[in-house]
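Numbering (the working numbering), first residue to last: 1 to 73.
Report on the following structure.
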């Protein structure tokens with residue numbers, strides 16, 4: 001049924017989103033996204049960012065200002 005399908009979708013989505021809480025994955029993903037946009041000669045994009053709490057591989061949480069710095073870089 002529809003509710004079961006949505007629950008399945010949400011579980012998969014949250015698993016993927018969780019990967020991007022790692023600082024390095026967040027940085028690499030965003031850089032490659034922009035490189036692909038440039039390579040594809042896209043004239044305009046609208047990105048709606050968010051400020052996830054990023055972690056390092058040891059699970060240490062980074063302050064929000066670190067996320068902002070990564071967006072700027």
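Idealized CB from N, CA, C, for every residue including glycine.
Beta-ladder partner(s) of residue i, from DSSP
i, result
"residue 67", "Partner(s): none; residue 67 has no beta bridge."
"residue 55", "22, 61"
Proximal residues to residue i (C-beta, below 8 angstroms), its chain only, five neighbours per side dropped
i, result
"residue 45", "37"
"residue 66", "23, 54"
Residue i and residue j closer than 8 angstroms at C-beta
i, j, result
"residue 55", "residue 22", "yes"
"residue 70", "residue 20", "no"
Rounded distance between the beta-carbons of residue j and residue i, thought under 8 angstroms
i, j, result
"residue 51", "residue 64", "5 angstroms"
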